[in-house]
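Peer 1: Once you know that position 121 of the sequence shown is 1404 in my numbering, the rest is easy, because the numbers rise by one and skip nothing. Ideal placement from N, C-alpha and C gives every residue a C-beta, glycine not left out. Pasting a structure here, questions to come.
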Amino acid sequence: MALFPLEPQFACAIVASKEYACTSEILDIISILSTSSKLFLDITEQREAVAEARRKFRNPSGDHCTILNAVKAYREIAAAENKHGRREWCRKHFLNERTFLEARDIREQLVVTCGRVGMDATVSAKENEDAIVRSMGHGLAGNSAFLQADGTYKQTMGQTIIKVHPGSTLCDKKHPAIIYDELVCADVSW
């Protein structure tokens, strides 16, 4: 794990991806999460258009699989379009192209590291979202919470009561347990 130039929980998810046979997808997700900027742009004046564009990528399994859907869609566009076409597609879908480009570079580094530790970075779960969620859960076990009777979630580590952020694909759902990669503290902990 120490060979991966990442937060320990992300390195752990990559190592777990070997067991769940979803290394390619986990590299895509973690590459995006490791960038210095957000993938999904929030433009207040165009809130409805942003929400509509984001729905195209939304995945009921959660934000990590939603990110994966956006990465796959961008990869298809990148193979078919020139630079202007890619930029226009990102603008139309309120996605930050710089995030995709930075993630591509991060992913390339991670693929090399996978090779050094004997992992095949091309192993794909295809449509097996359960494998992807399990691998991410393995890495983010310390960032998990369980649903409480009042509809909030209680952290497994720390026992803090948290709520799902309104921008999350899970904000209107009540899964028995969630994992998260970031905790935002405001008047309430998101």
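Is it buried or exposed for Glu1308, if we count other Cβ within 10 angstroms and need 16 for buried?
Peer 2: Label assigned to Glu1308: buried.
Peer 1: If you draw a straight line from the alpha carbon of Lys1320 to that of Leu1378, how long is it in whole angstroms?
Peer 2: Lys is not the amino acid found at residue 1320; the sequence shown has Ser there. So the two alpha carbons sit approximately 11 angstroms from each other.
Peer 1: Does the stretch 1290-1308 come close enough to the stretch 1413-1421 to have 3 or more Cβ pairs within less than 8 angstroms?
Peer 2: Taking 8 angstroms as the limit for Cβ pairs, the verdict is that the stretch 1413-1421 does touch the stretch 1290-1308.
Peer 1: Just the C-alpha distance for Asn1426 and Cys1373, rounded to the nearest angstrom, thanks.
Peer 2: Distance between the alpha carbons of Asn1426 and Cys1373: 30 angstroms.
Peer 1: How would you call Ile1415, buried or exposed, if buried means at least 16 neighbouring beta carbons within 10 angstroms?
Peer 2: Answer is buried; the Cβ neighbour count reaches 16.
Peer 1: With Lys1437 as the anchor, note down where its beta strand (DSSP E) starts and where it stops.
Peer 2: It spans Tyr1436 to Gln1438 - the beta strand (DSSP E) in which Lys1437 sits, taken as one unbroken run.
Peer 1: Can you tell me which of Ile1462, Thr1382, Thr1452 and Leu1324 puts its alpha carbon nearest to the alpha carbon of Met1440?
Peer 2: With distances taken between Cα atoms, Met1440 lies closest to Ile1462.
Peer 1: Suppose contacts are defined by Cβ-Cβ distances below 8 angstroms. Is Ile1312 in contact with Leu1351 by that definition?
Peer 2: Yes. Within cutoff.
Peer 1: Give a yes or no on whether the C-beta atoms belonging to Leu1310 and Ala1404 are separated by under 8 angstroms.
Peer 2: The answer is yes: Cβ separation under 8 angstroms.
Peer 1: Which residues does DSSP pair with Cys1454 in a beta bridge?
Peer 2: DSSP output for Cys1454 lists no bridge partner at all.
Peer 1: Using CA coordinates, which residue listed in Arg1381, Pro1459 and Ser1451 is at the minimum distance from Ser1317?
Peer 2: For Ser1317, the nearest C-alpha among the options comes from Arg1381.
Peer 1: If you reduce the DSSP assignment to three classes, tell me which class Phe1429 lands in.
Peer 2: Here Phe1429 sits in strand by DSSP.
Peer 1: If you drop the 5 nearest sequence neighbours on each side, which residues of the same chain put their C-beta closer than 7 angstroms to that of Ile1315?
Peer 2: Taken in chain order, the residues that qualify are Leu1322, Ile1350, Val1354, Thr1382 and Ala1386.
Peer 1: Assuming Ala1428 and Tyr1436 make a contact with CB atoms under 8 angstroms, what is their CB distance in whole Å?
Peer 2: Between Tyr1436 and Ala1428 the Cβ distance is about 4 angstroms, and since that is below 8 angstroms, they are a contact.
Peer 1: Give, in chain order, every unbroken run of the alpha helix (DSSP H) that is at least 4 residues long and sits entirely within the stretch 1326-1411.
Peer 2: Segments of the alpha helix (DSSP H) lying fully in the stretch 1326-1411: 1330-1338, 1346-1363, 1366-1375 and 1380-1399.
Peer 1: Which one of Thr1452, Pro1459 and Lys1301 has the shortest CA to CA distance from Cys1397?
Peer 2: Measuring from the Cα of Cys1397, the nearest candidate turns out to be Lys1301.
Peer 1: Within 10 angstroms of the Cβ of Thr1452, are there 16 or more other Cβ atoms? Answer buried if so, exposed if not.
Peer 2: So Thr1452 counts as buried.
Peer 1: Contact check, Leu1466 vs Ile1445 under 8 angstroms by CB: the rounded distance?
Peer 2: Yes, Leu1466 and Ile1445 are in contact; Cβ-Cβ is about 7 angstroms, under 8 angstroms.
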